[in-house]
Amino acid sequence: MNRVRAGLTAFEDRACDAARTLLHNQGYDGGWGLTLTSVSSIVNTSEVLPVLRAAGIAGRPVRQALDFLTGAIPEHCRPRHKGGRGEHSRFIAFGLAGLLSHPRFFHHTGVAEAAAWCVGWLEDHQVDHGWPEVLGLDDTSLHQTALSVHGLAQLRDSLHAFGPGLVLPGGVETSSLAERVEPLIHHGVHGLLYHRRPSGAWGWRTYVDTDPSPSKTALCLLALSAVCSGNGPDGEPAYPDEPREAGGVHGPVQLKRLSGAVTEAGQWLVRNHHRWETFVEDDKDVQGTAWEHMAYALCTQATVRAGASPRDPRLAKAWRLMNELWDPEAGLWNEPGASGKRATIRAAYYTVSAYEEAMRRLARLSLEDSTSQDASEVSAEMVIGHVSLGPGRTVLAVARDSEEGTSCELSERLFDLVKVVYDAAEGGLSTEEIAAALYVAPSSVPKYVQRLNQAVSAAFGGAPVRLLLASTVDGASGYRLACR
């Protein structure tokens with residue numbers, strides 16, 4: 072079976088199982104540690120929040136985690152002799168990502184203030200070409216600079232989405248904070264480009280001519296992609312994609328657009344897939360703790376972000392590994408090694424991020440395919456012609472005007488969605504009726520429909536097929552089955 076198909080088909084169930092495991096082990100302080108019994112940390116709590124988001128979990132657990140972060144970020148950043156955990160940039164970089172992981176909670180008490188505090192810290196502790204691993208070191212850390220740039224780009228986009236002049240809880244004003252964020256993004260981008268190699272990759276250390284690092288290349292790719300993908304408050308690009316100086320630390324200076332640097336980094340990762348497809352990369356630059364990057368998942372995410380198809384055969388080993396690392400007994404993903412019995416939050420975070428990136432990419436590929444054809448071609452090739460419900464939670468589907476068929480095992484929620492619409496009249500059901508039948512909010516229905524169509528598309532090997540179609544039902548928006 073195609074490994075990306077197998078992993079994507081099971082992804083929703085596994086994400087929900089992982090969320091249940093994590094919720095059962097949430098600390099009394101609202102946070103999580105590396106393993107389910109570790110002391111809570113900013114890093115791992117910020118890694119859990121995207122896993123909860125992927126499973127559709129919000130509410131009290133997220134608010135408690137955000138409360139932990141808003142208190143822990145300034146507390147942990149104090150020097151150790153003053154009761155903190157050290158002046159490490161990673162507390163800021165990961166903390167900012169955690170605060171922004173659920174944008175709807177940015178109004179939660181203390182979140183905007185904590186984000187502004189992180190901005191102030193980054194303003195005060197810049198070094199040449201980025202930010203250090205820990206204060207007192209002049210060397211730029213690619214890891215922390217890339218994470219900081221990524222978080223700042225997310226914050227910029229959130230502030231633009233809120234609109235100018237909005238006063239958030241705690242007195243944080245969107246326009247003034249956005250004005251402080253922009254020069255920090257520019258500083259970080261300049262630093263990342265300075266350390267870029269002529270090959271399109273980044274080394275595992277700054278200023279030292281080391282071998283290229285798959286993980287550092289992936290982190291820098293994701294950061295630059297986040298910078299150039301957002302829009303400003305008036306719809307214009309948030310960061311102009313203009314030629315900029317790249318390189319200089321090793322090799323000649325080149326002029327590169329951010330989009331070009333992202334593309335070339337993705338190409339380097341694909342060409343060198345053997346370096347990371349089953350690899351856990353040690354990062355000795357991170358001080359104060361042992362640090363490992365789940366390169367097999369991180370690099371897969373970055374490669375797909377840069378434009379690669381999730382079905383690219385050069386990604387097959389990485390997808391196979393992620394699929395096999397799922398531990399149903401632990402309800403979490405294992406890290407490679409340790410006899411395959413070390414389920415960690417870090418492995419879950421990296422893996423979920425890779426699968427979510429693949430699902431977004433497959434959805435875009437489906438849309439691009441559908442818009443590149445005329446209406447008759449879309450109806451003939453993009454819609455399923457026959458559907459039946461098989462044993463368990465299996466849907467049997469055959470493409471219209473074709474003998475090609477497939478079976479798709481769905482999560483319980485997605486199968487219930489199919490059955491509700493399957494059992495309805497030929498015209499389908501309104502969004503409100505589907506929501507009532509599934510006991511979910513109406514706003515959640517389109518998300519489940521998208522996930523269903525993505526799962527069916529993956530079962531067809533990524534072909535742009537749709538099982539449920541948008542429809543008007545009794546004057547209201549709704550969905551109908553493509554065909555029986």
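Residue 72 is where the sequence shown starts when you use my numbering, and the numbers rise one by one after that. For every residue, glycine included, the Cβ atom is placed at its ideal position computed from N, Cα and C. Please read all numbers here as calculations on a predicted model, not as lab measurements.
Exercise. Three-state secondary structure (DSSP) at A547?
Worked result: Taking the sequence shown and counting its residues from 1, one reaches residue 547 at position 476. Three-state result, A547: strand.
Exercise. Opposite R276 in the DSSP bridges: which residues?
Worked result: Here residue 276 is taken as the residue at index 205 of the sequence shown, counted from 1. According to DSSP, R276 bridges with nothing at all.
Problem set entry | Those residues which DSSP pairs with G127 across a bridge | Start at 1 with the first residue of the sequence shown, and residue 127 comes out as number 56. According to DSSP, G127 bridges with nothing at all.
Problem set entry | Reduced DSSP category for D138 - H, G, I as helix; E, B as strand; rest coil | Looking up residue 138 in the sequence shown gives position 67. Helix, per DSSP.
For this session: Could you pull the start and end residues of the beta strand (DSSP E) that L403 belongs to?
Result: Within the sequence shown, the letter at position 332 stands for residue 403. First-last of the beta strand (DSSP E) with L403: 403-406.
For this session: Count the other C-beta atoms from every protein chain shown that fall within 10 angstroms of the C-beta of K518, then say buried if there are 16 or more, exposed otherwise.
Result: In the sequence shown, the residue the question calls residue 518 occupies position 447. Exposed is the call here.
Exercise. Across which residues does DSSP place F327 in a beta bridge pair?
Worked result: Counting from 1 along the sequence shown, the entry for residue 327 is found at position 256. Note on residue identity: the sequence assigns Lys, not Phe, to residue 327. Beta-bridge pairing links K327 to R315.
Exercise. By how many angstroms is the C-alpha of C291 removed from the C-alpha of G157?
Worked result: In the sequence shown, counting from the first residue as 1, residue 157 sits at position 86. In the sequence shown, counting from the first residue as 1, residue 291 sits at position 220. In a straight line, the C-alpha of G157 is about 25 Å away from that of C291.
Problem set entry | Anticipated Cβ contact below 8 Å, A368 with A425, distance rounded | Against the sequence shown, residue 368 aligns to sequence position 297. Against the sequence shown, residue 425 aligns to sequence position 354. Their Cβ separation, rounded to whole angstroms, is 4 Å, which keeps A368 and A425 in contact under 8 Å.
Problem set entry | Contact check, L137 vs V205, beta carbons under 9 Å | Numbered from 1 along the sequence shown, position 66 holds the residue referred to as residue 137. Numbered from 1 along the sequence shown, position 134 holds the residue referred to as residue 205. Contact flag unset, no.
Problem set entry | Delimiting residues of the alpha helix (DSSP H) encompassing V182 | Position 111 of the sequence shown, counted from the start, is the residue given in the question as residue 182. Here the alpha helix (DSSP H) through V182 covers 182-195.
Exercise. What's the gap between the Cα of R522 and the Cα of L488?
Worked result: The count along the sequence shown starts at 1 and reaches residue 522 at position 451. The count along the sequence shown starts at 1 and reaches residue 488 at position 417. Rounded to whole angstroms, R522 to L488 spans 11 Å at the Cα level.
Exercise. Where do the N-terminal and C-terminal ends of the alpha helix (DSSP H) with L228 fall, by residue?
Worked result: On the sequence shown, position 157 is the one that residue 228 refers to. A quick correction: the sequence has Asp, not Leu, at residue 228. Looking at the DSSP string, the run of the alpha helix (DSSP H) that includes D228 is 213-233.
Exercise. Under 9 Å, do G127 and T116 count as touching if we go by C-beta distance?
Worked result: If you number the sequence shown from 1, residue 127 lands on position 56. If you number the sequence shown from 1, residue 116 lands on position 45. No, the Cβ-Cβ distance between G127 and T116 is not below 9 Å.
Exercise. Exposed or buried, which one is M453 when buried takes at least 16 other CB atoms within 10 Å?
Worked result: Here residue 453 is taken as the residue at index 382 of the sequence shown, counted from 1. In this prediction, M453 has a pLDDT of 43, which is less than 50 and means its spatial position is unreliable; what the coordinates show is noted afterwards. M453 comes out buried.
Exercise. For the candidate residues V511, S286, Q135, whose alpha-carbon lies nearest to that of K355?
Worked result: Reading the sequence shown from its first residue, position 284 is the one you call residue 355. Comparing Cα-Cα distances from K355 to each of V511, S286, Q135, the minimum goes to S286.
Problem set entry | Limits of the unbroken alpha helix (DSSP H) element including G259 | Mapped onto the sequence shown, residue 259 falls at position 188. That run of the alpha helix (DSSP H) goes 245-265.
For this session: Would you check if the distance between the CB atom of L255 and the CB atom of Q197 is smaller than 9 Å?
Result: Start at 1 with the first residue of the sequence shown, and residue 255 comes out as number 184. Start at 1 with the first residue of the sequence shown, and residue 197 comes out as number 126. Between L255 and Q197, the C-beta gap is smaller than 9 Å, which places the two residues in contact.
Exercise. Sorted by chain position, which residues of the same chain lie with C-beta nearer than 7 Å to V491's C-beta, five sequence neighbours on each side aside?
Worked result: Translated into positions along the sequence shown, residue 491 becomes position 420. Answer for V491: L500, I505, A508, L509, listed in chain order.
Problem set entry | Segment limits, alpha helix (DSSP H) that includes A512 | Counting from one through the sequence shown, the residue named residue 512 turns up at place 441. Careful: A512 lies outside any alpha helix (DSSP H) and carries neither H nor E.
Exercise. Of the residues P269, L213, P240, T245, which one's Cα is nearest the Cα of V260?
Worked result: What you label residue 260 is simply residue 189 of the sequence shown in a count that begins at 1. Considering only alpha carbons, the answer is L213.
Problem set entry | Endpoints, alpha helix (DSSP H) assigned at C291 | Here residue 291 corresponds to residue number 220 of the sequence shown, with the count starting at 1. Note, C291: alpha helix (DSSP H), 285-300.
Problem set entry | Counted within 10 angstroms of its Cβ, other Cβ atoms place N302 as buried (16 or more) or exposed | Counting from 1 along the sequence shown, the entry for residue 302 is found at position 231. So N302 counts as exposed.
Problem set entry | Validate contact between the stretch 305-323 and the stretch 269-284 using beta carbons, cut 8 Å, 3 pairs | yes
Problem set entry | Alpha-carbon spacing of H457 relative to F162, whole angstroms | The residue given as residue 457 occupies position 386 in the sequence shown. The residue given as residue 162 occupies position 91 in the sequence shown. Distance between the alpha carbons of H457 and F162 is about 52 Å.
Problem set entry | For R346, the nearest candidate out of T360, V110, S482, M365 (CA to CA) | For the purposes of this step, residue 346 is identified with residue 275 of the sequence shown, where counting begins at 1. Just measuring C-alpha positions, the residue of T360, V110, S482, M365 sitting nearest R346 is M365.
For this session: Report all residues from its chain with a CB closer than 7 Å to the CB of D353; omit the five preceding and five following residues, and keep chain order.
Result: Taking the first residue of the sequence shown as 1, we reach residue 353 at position 282. Within the same chain, D353 has close Cβ partners E363.
For this session: Please say whether A143 and S172 have beta carbons closer to each other than 9 Å?
Result: Here the question's residue 172 lines up with position 101 in the sequence shown. Here the question's residue 143 lines up with position 72 in the sequence shown. No, these two residues do not count as a Cβ contact at 9 Å.
Exercise. Do S296 and A377 have their C-beta atoms closer together than 9 Å?
Worked result: Counted from its first residue, the sequence shown places residue 296 at position 225. Counted from its first residue, the sequence shown places residue 377 at position 306. Contact flag set, yes.
Exercise. Of all the alpha helix (DSSP H) runs that stay within the bounds of the stretch 356-388, which reach a length of 4 or more residues?
Worked result: 366-376
Exercise. Which first and last residues belong to the alpha helix (DSSP H) in which R25 is found?
Worked result: Lying outside 72 to 555, the shown extent of the chain, residue 25 is not represented and no answer is given.
Problem set entry | E335 to V511 span [Cα, whole Å] | In the sequence shown, the residue the question calls residue 335 occupies position 264. In the sequence shown, the residue the question calls residue 511 occupies position 440. Roughly 43 Å between the two C-alpha positions.
Exercise. Is the beta carbon of D199 sitting closer than 9 Å to the one on T180?
Worked result: To locate residue 199, count along the sequence shown from 1; it is residue 128. To locate residue 180, count along the sequence shown from 1; it is residue 109. The answer is no: Cβ separation not under 9 Å.
Exercise. Going along the chain, which residues of its own chain have a beta-carbon closer than 6 Å to the beta-carbon of D84, five neighbours each way excluded?
Worked result: By one-based count along the sequence shown, residue 84 stands at place 13. Taken in chain order, the residues that qualify are S482.
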